[in-house]
Amino acid sequence: MTTNQSESDESARETTTNSVTGSTGLNAPGAAFYDAVNINVVTGLTAPTPTLQELLTLGSVKAPYGRLPETVLGRDEILTVLTQTVDDPRIQVLSGMGGVGKTTVALSSAERARKTEVEVFWIQAGSAAAVADGMRHAALLAGAPAEHVAHAWEKGGRPAADLVWRHLMNMDRPWLLVFDDADDLDVLSCPGAALSDGTGWVRPPVGKSQGVLVSTRDGSKRSWGDRIAHFHQLDVLEPEFAAKVLQELAPEAGDITSALSLADRLGYLPLALHLAGTYLAMAQGDPLAEAQTFAEYVDVLGDSPLFLDGATEGVHGDLRSREERARQTIAGTWELSLALLERQGTVHARGLLQLLSCFAPAASLPTSLLSLSTIAELRMWPKSLAPRAVRTALGGLRRFGLIGVDTLSEEPVYQIHRLVAEVSVAPLLAEPSEYRAVWDSSADLLVAATPYRKNPRDPSSWPAWQGLIPHWTVMMRRLPQWGTPADDRLNGVLIGAGVTVSYLHFRSDYTTACALADEALERADSAEAAPWIGLNIRRHRAVAIEMMGDLKTAESELAYIVEECTKQFGVADSTTLSVRYQQARVASQRGKLAEAEREYDEVIRQETQLFGAEAAQTLRSRHARAICIRSMGRLDDAAAEGRVVLEGLRAQLGEKHPDVLDAQHELAISLRDQGDNERAEKVFRQVLQLEEEALGVEHPSTLITRANLASALVLRQKFTEAEPEIRTVLEARTRILGPDHPETLDARHTLAVLQMRHGELDAKSAAAVFAELTDAQRRQLIDDHPNVLIGRNSHAAALRAMGELSRSESEYRSILEAATARHGAQHPVTLNARFEWARALGRIGRTHDAVTEMHEVLDLQQRVLGESHRNITSIRASLGTLLLQQGSLSEAEKQLQNALSIVSASGGERLDVQHDLVVVLHARGRVREAIHHLREIVKEELLRSGPAHTDTVIARNSLGVALKDFGKLEEAEYVYREALRDAATKHSEDEPLILTVRHNLAVVLRIQGNLDEAEKEQSAILAIQERKLGPEHPQIFATRLSLARVLDDRGAAAEAEAAYRDLLSACTHAMGAEHPQTLSIWGNLAFLLADQERFAEAEAEYRKALKGCLKTLGDDHPDTLTMNHNLAMTLGNQGDIREAVTRFRDVVERRARTLGSDHPETLIARKNLGEGLSRTQQPAESAEHFKEVAEGWAHVRGADHDSVWDLRYRRAQLLWEAGQPRAAQDELEALLDLAQKAGLDGDLRVTTLQRVLMAVRADDGDS
C-alpha cells in the first residue's frame, strides 16, 4: 500500500526530527496505535477456497449499539440532517476532534436506520486491515459468492472494492454503510486511486443505499475533492446539554448550576463529560472517593485533566485493540492524532502544539502569536525552519481538530480546546527542565507578539493588545523559575509585562493589572532584575490600585516608589516628579487636600525649573492642582487657574490635543460645581465635539465627557435629552469593556438614576437594579470604593422611595462609616455621606438627632469649603426643612433665608430654596404671604421650565395646599386640576408626584363635601400605590387615613373607627408606635372618639399619643402641641376644666413662641383658653385673651371678617360679666358703628347687639 506524500513540497518527507522529547499525554512519539497489514496475501494455487461460513467467521460488521447512552443529548440537529440525506448522492463525512462524539452520532444514526429495517454495515476504519476485513464481510452479506470474495481478496485493492460495491448496488433491501474512526484517510483508498476518485473502499451511495457515512478526525475537505462528499463539522455540546449529560450519568452529584460549572471546566467535550459522569456515578457511597459531587470534581481536577481517565480504571472484559481503548481516554485520544500526523510526515506538529499549549488554555490565539516566520526562528527547533514547515504543522493540527478556528470572534482566530492544551502542557509543567527550550521559545514568542510601539493609552491600539492579555497572565504564572539571575530574555519578559500592566490600567482592567504586576514583581525580585524594571511595574500597579479605590495602599506604594526613584534617579528627575504627581493625586482623593496642594506646588516648582513654566508637563500638574483646590471649595480660584492652564495648553499643544480637552472638560466640571449648569452643558458639548473629531466617538475620554454631559442634563432636568446620551455611553462601554466593567456599571447606574427621576423606573425596581449594580461593583472594587458607595447611596435612596425608611437609614449610616474609615471625618465624600444620614434620621422621626447632626455637617463644611460653596446652600435648606419638622419655625426660616442669600440669583436651585422658605412661612401662619410667594414661584417655573415640568408641578401643588389652608377651596381645586392637566403631557398618572397632587385634590373635594368623588379618587390612588409600593409604604398609610376620614365625614363612625384602628395597627407594625405618622393616626382615632362624645376613651388615646409625641418630637413640636390641645378639649368636655386650662395655657405659650402670636393655631388655642377661663369664673382674664384673638384674626383675615366681629362681641360680654360695663359699652358701640357703616341695619346680629348695649348702658348708669 502506498502512502500519501508529505504536505510539504520542500522535501519528500520531513526528515528533521523535533528536538522536543517526551510525550503529549501518556504515550511517547513514535508509539503507533495501528496494526500493519499486507492485504496482498499469496495463498498458493492448491489452497482450498474458504466457504461462506468460514469467511463470515473472519469478522463482523455489526454496529456496537451497546455503546450508546440511554439518550443522545444535544445532537438532534445533526441526526435530523443525516436522516434527511437519504437521497443525497454524496458520502456524508462527519469530522471533528477526538472525543467530540463522532462515533456516538454515527451509532445513533445507524440505530435510527436499523429501526426502519435498514441493514447496517459498520466498518471499523482504524486501520487498512480492519477496513479490508469489514468490506469483505459486507460483500458476503450483500450476496457475493464466497469463492468470488476469496478470489477478489487474494488480489486485494480495487478488484476487491469493485466486487463489494457491485453487490451493494444490486442488493434488494435498503442498507447503510458506516466507516467509523477513519482518521487516516489512506485506509479508505486503494492503490492507484485517490480518495476523491470514488473508486476506493468508500464510494458515493448506489442502489437502495440509505447513505454512506464516514467519521474521521481529519477535517481536510481537499482530500475528498469537490463532488463526492458532503461535510458535517461536529463541535462540542451546547452548555445546557453538556450539563444534562452529567446529570443523567450522575444524578446525585449536584444541581444544574454545579453541573454547568463542571461542564464548562471540561470544555463541553462529550468524552470528558462521559468520563467525569461515570466516575461520579461510581463514587457515590464510596467514602474514599476523591470527589462525589460536580463541585468537588472541579476542585480535584485542578489544572490537570488526566484525573478524568480514572473512570477507565478497573474495567474488565474490554478486548478492543489498544488504539480503540486509547480513544476512550483523555491521555490517549489526541496522542493517536499526533502519532498519525508524524506517520504522515508532519513531524513538527507535536512541538508546535506543545509551544502553543504554554499559553492560556481557554483563550483564542491572536494572529500576532502565530507569525510563521517568528515561530520558525525560535530556538526550540534543531535548525532554522522554513515558515512553510510551520504552516504545514499548523495545518495538520487543524485538520485533526487539535486546533480550531473561533468563528464567534470579530475576526476568525485559532483556538486550542482547553483540554487539548492542558493535556499537551501537562508534561511541560511536571518536568519543566526537560522542556526548557519550549518554555524559552514560548516566552520569546509572546514578547515578540507584544505591540511595544503602540501607545496603550490609545484605544486604536487596544485590539492588538486585548488578545494577548490572557496569555500574559498565564505565562507569568507558568513560566518556570530557573534559579539564575535575570538574563536578556527574562528582562524582556518583565519589560513586556510592565507595558502590558500599563495597557490594562489604561483599559481600566485594574484587577488583572494588579494580578499581572504581582506575578511580574515576584519574578523580578527573585531573579534580581534591574531595579528600574521593577519600579516601572510597581508604578503602573499603584495606579491600578488607586483606580480600584484602595487609596491607602496606593499611597503607601507610591511613597515607596518616590523614595526609590529619588535614590535611583534624583529628586529632580522627570520620572521622580511623575510619581510624585501621582502621589499628590492620591492624597487629594484621600481628602488630604492641603497636603496634596503642597505636593503639587513642589512638583510644579521643580517642573518649572526643569521644563519651564509654560511647558505642557508643568501645565498638566497645574491642571491637577486646580482639581485639588476645587475639591477644597475654592471654586473661583480653581476656575481661574483652569482657564489659565487651558489657554497655556492650547498654545503649546493645539485645540484638539487630549490634554487640552481634559483641561476644557475640567472647566465644564468647575462650572457645574459653581451651579452654572447651563454653561457647563455648553462647554461639555464643545469638548464632546472636539473629542469625537480628535479621539473618536468611543475613546474613553469621549465617553466620560458624554456621561458628564448626561449628568449635566439631568441636573437641568432635561431627561429626554440625557437618556440617549447615557445609553450611547452604556452601549459602547458594554461592547468595548464588557457588561461587568466598572465603567460600564457606572453608566448603568447613571441610566437607572435618570429613569428613576423621570418616573420610568419605580422605586422597587430601582432598588433591585441598584443592589445588583452595587454587588457587581463589589466583585471588582473594594467595598469602600467611591463607585461602590455611590451605588449604595442610590440603593438607599430607592429604599427611601419605597418607604423602607429604617433600612434606608441603616444603609446611609453604613455608607457614612465606610466613608469615614476611608477618607477621614472632613473629606467632602464623608461630609456628603453624613449629610444624607442626617436627612435619613429626620425621615424616621429622630428629628432632634437629625438637626444636631446637620448643624455639625454645616459647621464642618463651612470650615472645609467656605460659606459660598454650593453645598452650603443644600445643607442650610435641608437644615431648614428639619427645623420645620422639629417645630423650630423661626430657626428654620433663618436657615432658609441664609441659604437664599448665597444661592445664585437665578435658576432652579434658587427657586427650590424659595419654595422651602414659603413652606415655613405657611407653617408659621403667614398663609397670605405664602400664597403670594407661591404664585410668583409658579409664574417663574412656567416661564423657566414649562407647565409639565416637575418643578412646576411641585410649585402648583404647594400653592394648592396653601389655598386650601386659607379656605380658598375652589381656587385650590382649580390649581390642582390645572397642574394635573398640564402634567399629563409628560407624566403618567401613577408617578409618585402626580399621585401626591391627586391625593391633595381629593382632600379638597372631601372638605367641599364631594365625598363620592373624593373616595373614588383616593381608592384609585391606593390601588396604584399597593401595586407599586407594597402594603406598608408611608404614602399608603396617608391614603388609607384619607379614606378613613371620608368615612368619618359620611357619618359612618363605626366603619371609620375600624379603619383607624386597623391602620394604627399596620403603621405601628411597620414604623413603630412612636413614629410621627403612627402618632398622627392615633390622634385621628382619638378625635373620632371625642366627636362621638366617648370622652373617656378619647382621653386615654390622647394621653398615649401625647406621650409618644413628647418622646419623639419634643415639647414644642406643632404635632405635640396639637395633641395636647385636643386632650385639653376632651378634658374640658368631661368637666375637668382646671387641667384643661393648664394645658391650654401651655399650648398657647409654646405656640406663641414657636409659631407666632398671630398664627391661626395659636389663636385657636388662645380662644379655647379664654373659654376655659370663663368657665372657671375668670371673665376678666378671659376677655384679655379674646382681645388678642380678635386682633390676631384681624391681622390675618382682615378687620371686617365675620369671625373678628364675633370675637369682639364675645369679649364685650366677658367684660360685662367681669364688672367692667364701661369697657363693654365701648366695645359694643364700636361694633355697632362698624355695622352701620357696612349698611347692616336690620341684621339679626345688629338687633341683638343693640339690645345688649341697652342693658349694658343701664348697668353702667348711662341711659
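Residues 13 to 1275 (the numbering used here) are what the sequence shown spells out, left to right. The beta carbon of each residue, even a glycine, is placed where N, CA and C say it ideally should be. It should be emphasised that the depicted structure is a prediction, and the values quoted were computed from it without experimental measurement.
Would you tell me roughly how many angstroms separate the C-alpha atoms of residue 1 and residue 522, rounded to the nearest one? For residue 1 there is no data in the structure shown, the boundaries of the chain being 13 and 1275.
How is residue 477 classed by DSSP in three states: helix, strand or coil? helix
DSSP three-state call for residue 238: helix, strand or coil? coil
What alpha helix (DSSP H) runs, 4 residues minimum, are completely inside the region 716-777? 731-749 and 754-769
Could you round the C-beta distance between residue 214 and residue 191 to whole angstroms and report it? I think they count as a contact, below 8 Å. 6 Å
Given residue 186 as reference, the closest of 244, 98 and 162 once Cα atoms are compared: 98
Quick one: grab the DSSP three-state call for residue 131. strand
With 16 other CB atoms within 10 Å as the buried threshold, where does residue 122 fall? buried
If you drop the 5 nearest sequence neighbours on each side, which residues of the same chain put their C-beta closer than 6 Å to that of residue 746? 756
Please confirm if the region 129-139 is in contact with the region 243-262, defined as three or more CB-CB distances below 8 Å between the two stretches. no
Residues bridged to residue 245 (per DSSP): 107
Going by alpha carbons, who is nearest to residue 432 out of 396, 403 and 365? 365
Can at least three beta-carbon pairs, one atom from the region 1124-1133 and one from the region 1141-1150, be found at a separation below 8 Å? no
Between the region 678-687 and the region 711-729, are three or more C-beta pairs nearer than 8 Å? yes
Hey, out of 283, 761 and 262, whose CA is closest to residue 297's CA? 262
Check whether the region 507-524 touches the region 481-494, taking contact to mean three or more Cβ pairs, one atom from each stretch, closer than 8 Å. yes
Once DSSP output is grouped into helix, strand and coil, what is the label at residue 416? strand
Any 3 or more C-beta pairs closer than 8 Å across the region 1006-1017 and the region 972-980: yes
With the cut-off set at 8 Å, would you say residue 462 and residue 282 are in Cβ contact? no
Distance CB(residue 1254)-CB(residue 1046) smaller than 8 Å: no
Counting only the same chain and skipping the five closest in sequence on each side, list residues whose C-beta sits under 8 Å from that of residue 947. 971
Can you tell me the Cα-Cα spacing of residue 1256 and residue 1263, whole angstroms? 11 Å
Between residue 254 and residue 287, is the Cβ-Cβ spacing less than 8 Å? no
Validate contact between the region 855-864 and the region 1075-1089 using beta carbons, cut 8 Å, 3 pairs: yes
Mind checking residue 127: buried by the 16 CB within 10 Å criterion, or exposed? exposed
By DSSP, does residue 493 sit in helix, in strand, or in coil? coil
Within the region 920-954, ranges of the alpha helix (DSSP H) (whole runs, at least 4 residues): 920-935
For the candidate residues 165, 1018 and 442, whose alpha-carbon lies nearest to that of residue 976? 1018
On a Cα-Cα basis, can you pick out the residue from 1223, 676, 932 and 1157 that is closest to residue 656? 676
So which of 792, 848, 772 and 760 has the shortest CA-CA distance to residue 782? 760
Let me confirm a value: residue 997 is counted as buried when at least 16 other C-beta atoms fall within 10 Å, else exposed. Which label applies? exposed
Please classify residue 1060 as buried or exposed, where buried requires at least 16 neighbouring CB atoms within 10 angstroms. buried
Where do the ends of the alpha helix (DSSP H) carrying residue 1080 lie? 1065-1083
According to DSSP, residue 225 sits in a beta bridge with which residue or residues? 104 and 190
Backbone secondary structure at residue 824 - three-state DSSP: helix
For residue 1171, which residues of its own chain have a beta-carbon under 7 Å away from its beta-carbon, when the five flanking residues on both sides are left out? 936, 937 and 1163
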